[in-house]
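Numbering (this note's numbering), first residue to last: 17 to 293. For every residue, glycine included, the Cβ atom is placed at its ideal position computed from N, Cα and C.
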């Protein structure tokens, strides 16, 4: 482009000189001091210089187009990754090609991840789905860090269920300043969906069904018999179940309930056993 512009400047200067020479030849011819052939030569030279100027302008236009094309092609050689939101730091997790390799269109080159904050993904069933809300907090653990727990906040709840599993995707936003959590780790999460104060908790194994009703066997105060107590089942968490009903003070039976009836005699072999709260 610079060469084309220089040629254009030179052509403009030459045309200006040719115009001056034509004007001079015209005056001399009018005075009879030059021949007709000299005037014709000056006119021809001016026309040639004018044509040369047009060629130079066309060369500048062509050079500009070539430069624009080169810039576009250069842009194709630079691959950038763009993102919105989240933190400012990204990490190259995987590289799929090496320098100098030929790649095809739409082929992945790098895997770039964000580690702080990081997203934890859960899948919940229909039973729990309706009780989830955005901004609820969840606590989870991972096998990579035994004994450690992490806290996340529900950032997104999928509006649809997966047909093959009948589960919905839930995303947690987790602050990860120490970068202890990595993409691909398996997590176990607990979401606090409800809180009930002053309630009774029994082991899941203590629940049994009689005549279509849920209940537990409670050891009587004398420690020699059991009583059937119908209960209403509430919150379930892991191996614990919240129940409500009357006469639930004392210990509950967690094994062999199918052999018992209301008032059946029992023998307590664990003298150190303590009543469940």
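Taking 7 angstroms as the line, does the beta carbon of residue i fall inside it for any heavy atom of the ligand GTP?
i          : result
residue 78 : By its list of ligands, the structure shown contains no ligand whatsoever, and the ligand GTP lies outside what it can speak to.
DSSP puts residue i in a beta bridge; with which residues?
i           : result
residue 173 : 186
residue 126 : 111
residue 225 : 230
residue 138 : 186
residue 154 : 168 and 207
residue 243 : 234
residue 281 : 241
residue 268 : 234
Going along the chain, which residues of its own chain have a beta-carbon closer than 8 angstroms to the beta-carbon of residue i, five neighbours each way excluded?
i           : result
residue 139 : 178, 181, 183, 184, 185 and 186
residue 152 : 169, 170, 207, 208 and 209
residue 260 : 215, 216, 247, 248 and 250
residue 147 : 209 and 210
Starting from the C-beta of residue i, find all residues in its chain whose C-beta is less than 6 angstroms away, skip the five residues before and the five after it, and write them out in chain order.
i           : result
residue 205 : 138, 154 and 156
residue 280 : 242
residue 203 : 136, 156 and 158
residue 191 : 133
residue 173 : 148 and 186
residue 110 : 127
Within 10 angstroms of the Cβ of residue i, are there 16 or more other Cβ atoms? Answer buried if so, exposed if not.
i           : result
residue 107 : exposed
residue 273 : buried
residue 34  : buried
residue 20  : buried
residue 267 : buried
residue 168 : buried
residue 163 : exposed
residue 269 : buried
residue 134 : buried
residue 170 : buried
residue 188 : buried
residue 382 : The question about residue 382 has no answer, for the chain in this structure spans 17 to 293.
residue 222 : buried
residue 212 : exposed
residue 176 : exposed
residue 58  : buried
residue 113 : exposed
residue 71  : exposed
residue 197 : buried
Assuming residue i contacts residue j (C-beta within less than 8 angstroms), just tell me the rounded distance between them.
i           : j           : result
residue 129 : residue 199 : 5 angstroms
residue 3   : residue 126 : Only positions 17 to 293 of the chain appear in the structure, and residue 3 is not among them; the question remains open.
residue 244 : residue 226 : 7 angstroms
residue 264 : residue 234 : 6 angstroms
residue 131 : residue 195 : 5 angstroms
Between which two residues does the alpha helix (DSSP H) containing residue i stretch?
i           : result
residue 194 : Counting along the chain, residue 194 falls outside any alpha helix (DSSP H), and DSSP gives it neither H nor E.
residue 143 : 142–145
Just reading off the beta strand (DSSP E) that residue i is part of, what are its end residues?
i           : result
residue 248 : 248–253
residue 256 : 256–260
residue 199 : Unbroken run through residue 199: none, as it is neither H nor E.
residue 217 : 216–219
Please return the same chain residues whose Cβ sits closer than 7 angstroms to the Cβ of residue i, not counting the five positions on each side in sequence.
i           : result
residue 239 : 284
residue 54  : 41
residue 95  : 125
residue 278 : 243 and 244
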